[in-house]
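Number of protein chains: 2
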Amino acid sequence: MGVKERRAREKEQLRQQILSAARELFVTEGYENVSMRKIAAKIEYSPTTIYLYFKDKAELLDSVCKETLLNLLDTLERLNRDKSDPLETLRKSGRAYVEFGLKHPQEYKLTFVVRPQFQQGLGLEEGSVGEKVFNYLCAMVFECIRQKVFRQMDVEMTGQVLWAAVHGVTLLLIDFPDFPWSEKDALIDMVLQTTIEGLKG
Amino acid sequence: MGVKERRAREKEQLRQQILSAARELFVTEGYENVSMRKIAAKIEYSPTTIYLYFKDKAELLDSVCKETLLNLLDTLERLNRDKSDPLETLRKSGRAYVEFGLKHPQEYKLTFVVRPQFQQGLGLEEGSVGEKVFNYLCAMVFECIRQKVFRQMDVEMTGQVLWAAVHGVTLLLIDFPDFPWSEKDALIDMVLQTTIEGLKG
DNA sequence: GATTTAACTTATCAGTGTTAATTATACCAG
DNA sequence: CTGGTATAATTAACACTGATAAGTTAAATC
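Chains as they are written, first to last, in this note's numbering: chain A, 4 to 204; chain B, 4 to 204.
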């Protein structure tokens, strides 16, 4: 019964082909400027074939974003966490988050800006990869509190404060590249430093 | 020679009519889902008439955003600033900023998210209203430093840190309404409190 | 070898931003 | 009041868009 499996494999392969063509185009041209026809041309299939694999353009975006979130989560989890210095770990994670956004600005915007615009606020629902990213942040906050580097406070809310900080600076730097920002690295450091300082016990 | 003036007045009137129809539709339906034809239908003119008043759809968005920024600036400037308590003034301004965003979520997104997507990063150029909003923030930071409530530091960079914080929390709350945020007011307060605490001398 | 099933394409629809050509309107000089 | 002119607004059209239904081809099963 290897036939069905082979067919399934082939199907999955085309699915991936569509997906990576879509991401490449979304990133280089912007979601708005990419048509189903362009994606189809890139993989040399007819436009309607895509609809056999994805419900519509939004679902295509959805899948691309899911991959991005997986990448982000992976980037964060790869950081060698030093349990004995939770503050430094948190700082490094914050930096990694922002740098991920700046390294893949289009993907970051697709995930955290474009997607919620086209599907009302999805991407962080229970069990989602987005939620896992947030939980990762919270885990580090928890560790800082446990070791009394941070004062006693609501872990979730603190995670949200941190998230707001890194999300804010990331988007500003991406969206307004011509604004006379202070030196980029110094700014990111200051955002993290300020937030961390403000959370200390 | 009152004819020319009247004609100019009428022209300006129609321009405003187009603009307010556009904003209303942008806000209720979202920029993407509003067509020039819909705007035209709303004001009962032919679609192409709009092009006599605005170069294209992006310029229409541009003008709507400029108005939004003026509103935001006005909202901030109306706050009665208490020179003797620059910290409280700063906190109040921060709150006002976030609340403006939450009160007009679509307008906020149009201005700070959609526009930079359709025109690369415009809106904060020299002399723009956007820049004035940022300068307003900086002026308050400067006052806090001058009165030695904040430690000595780069005013611009500090302003950017503050902006990142309020921008971040505003967008998160708007874009992911279904996420289990902590109580909204408490979260905003904590963002402001944390940032301010982190900047103190 | 016939039949079922899956994969893919063609043709088409209603709607998009935008431009060029055209018509209608309001003004002014004689 | 008339004829001409400038300006405002419209009609028609173009090259696209996302999406669907119907049709076609190729492969696998019996």
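Each residue gets a CB set at the ideal place from its N, CA and C atoms; glycine is no exception.
Q. Does any C-beta atom of chain A lie closer than 9 angstroms to the C-beta of Gly130(B)?
A. Taking CB atoms only, Gly130(B) has no neighbour in chain A less than 9 angstroms away.
(Q) Checking the sheet assignment: what are the DSSP bridge partners for Lys203(A)? (A) Lys203(A) is bridged to Phe153(A).
**Q.** Nearest residue (CA-CA) to Val37(A), options Ala24(A), Tyr48(A), Ser49(A) and Glu47(A)
**A.** It is Ala24(A) whose Cα lies nearest to the Cα of Val37(A).
Q | Contacts that Phe179(A) makes with chain B (C-beta to C-beta distance below 8 angstroms) | A | Neighbours of Phe179(A) on chain B, chain order: Pro119, Gly124, Gly126 and Leu127.
(Q) Measuring only the C-alpha atoms, how far is Gly33(A) from Phe179(B)? (A) So the two alpha carbons sit approximately 22 angstroms from each other.
**Q.** Given Thr161(B) as reference, the closest of Phe137(A), Met160(A) and Lys187(A) once Cα atoms are compared
**A.** Per the Cα distances, Lys187(A).
Q. Near Met39(A), which residues of its chain fall below 6 angstroms by C-beta distance, leaving aside the five closest residues on each side in sequence?
A. Hits under 6 angstroms: Pro50 and Ile53.
Q) Taking just the CA atoms, how far does Pro183(B) sit from Thr3(B)? A) Nothing in the structure corresponds to residue 3(B), since chain B is present only between 4 and 204.
Q. For Ala168(A) and chain B, any beta-carbon pair shorter than 9 angstroms?
A. Yes, Ala168(A) counts as interfacial toward chain B.
Q: Specify the secondary structure class of Lys112(A) as computed by DSSP and reduced to three states.
A: In the three-state scheme derived from DSSP, where H, G and I count as helix and E and B as strand, Lys112(A) is classed as helix.
Q. With 16 as the cutoff for other CB atoms within 10 Å, does Lys112(A) come out buried or exposed?
A. Classification for Lys112(A): buried.
(Q) Going by DSSP in three states, Tyr100(A) sits in which element: helix, strand or coil? (A) DSSP places Tyr100(A) in helix when its eight states are reduced to three.
Q) Do you know offhand how far Ser66(A)'s Cα is from Arg118(A)'s? A) Ser66(A) and Arg118(A) have their C-alpha atoms spaced approximately 10 angstroms apart.
**Q.** First and last residue of the uninterrupted alpha helix (DSSP H) at Gly162(A)
**A.** For Gly162(A), the uninterrupted alpha helix (DSSP H) segment begins and ends at Val158 to Asp178.
Q. Does the beta carbon of Met39(A) come closer than 9 angstroms to any beta carbon on chain B?
A. At a cut-off of 9 angstroms, the C-beta of Met39(A) has no neighbouring C-beta in chain B.
Q) Can you tell me whether DSSP reads Asp59(A) as helix, strand or coil? A) Note: Asp59(A) maps to coil in three-state DSSP.
Q | chain B residues whose Cβ lies nearer than 7 angstroms to that of Met193(A) | A | Neighbours of Met193(A) on chain B, chain order: Met160 and Val164.
Q: Mind listing the chain B neighbours of Ser185(A)? Cutoff is C-beta to C-beta under 8 angstroms, in chain order.
A: Simply Asp157, Glu159, Met160 and Gln163.
Q. Roughly how many angstroms separate the alpha carbons of Leu174(A) and Val116(B), rounded to a whole number?
A. Straight-line Cα distance between these residues: approximately 9 angstroms.
**Q.** Minimum C-alpha distance to Leu202(A) - residue among Leu73(A), Asn138(A), Gln109(A) and Asp157(A)
**A.** Distance check between Leu202(A) and each of Leu73(A), Asn138(A), Gln109(A) and Asp157(A) places Asp157(A) closest, using alpha-carbon atoms only.
**Q.** Contacts around Leu195(B), its chain only, beta-carbon distance under 7 angstroms, and the 5 residues preceding and following it disregarded
**A.** So the qualifying residues of the chain are Arg94, Gly97 and Arg98.
Q. Any idea if Gln129(B) is buried or exposed, counting beta-carbon neighbours within 10 angstroms, 16 or more meaning buried?
A. Inspection of the sequence shows that residue 129(B) is occupied by Glu rather than by Gln. With fewer than 16 Cβ atoms within 10 Å of its Cβ, Glu129(B) is classed as exposed.
Q | the segment 120-138 of chain B touching the segment 133-151 of chain A, judged by at least three CB pairs closer than 8 angstroms | A | Counting Cβ pairs under 8 angstroms, fewer than three are found: no touch.
Q: Return the first residue and the last residue of the alpha helix (DSSP H) that Pro119(A) is part of.
A: DSSP places Pro119(A) inside the alpha helix (DSSP H), whose first and last residues are Arg118 to Phe121.
Q. Any C-beta of chain A sitting closer than 9 angstroms to the C-beta of Tyr28(B)?
A. Reading off the sequence, residue 28(B) comes out as Leu, not Tyr. It does not: the Cβ of Leu28(B) has no partner Cβ on chain A nearer than 9 angstroms.
Q) Taking Cβ positions only, does Gly201(A) come closer than 9 angstroms to chain B? A) For Gly201(A), the nearest beta carbon of chain B is closer than 9 angstroms to its own beta carbon.
Q: Kindly indicate if chain B contains any beta-carbon less than 9 angstroms away from that of Phe145(A).
A: No - not a single Cβ of chain B is within 9 angstroms of the one on Phe145(A).
Q. By Cβ distance, which residues of its chain are closer than 7 angstroms to Val30(A), with the 5 residues on each side in sequence left out?
A. Sequence-distant Cβ neighbours of Val30(A) in its own chain, meaning closer than 7 angstroms and more than five residues away, are Gln109 and Glu110.
Q: Specify the secondary structure class of Lys41(B) as computed by DSSP and reduced to three states.
A: It is helical.
Q) Would Ala142(B) count as contacting chain A if we go by Cβ distances under 9 angstroms? A) No, its Cβ sits nowhere closer than 9 angstroms to a Cβ of chain A.
Q: Determine the burial state of Gly204(B): buried for a count of at least 16 other Cβ atoms within 10 Å of its Cβ, exposed for fewer.
A: When all chains shown are included, Gly204(B) counts as exposed.
**Q.** Lys60(A) versus Pro89(A), Leu90(A) and Ile21(A), residue with shortest Cα-Cα distance
**A.** Check the Cα spacing between Lys60(A) and each of Pro89(A), Leu90(A) and Ile21(A): the tightest is with Ile21(A).
Q: Check each residue of the segment 79-104 of chain A: if its Cβ is closer than 8 angstroms to any Cβ of chain B, include it; give the result in chain order.
A: Cβ contacts with chain B come from no residue of the segment 79-104 of chain A.
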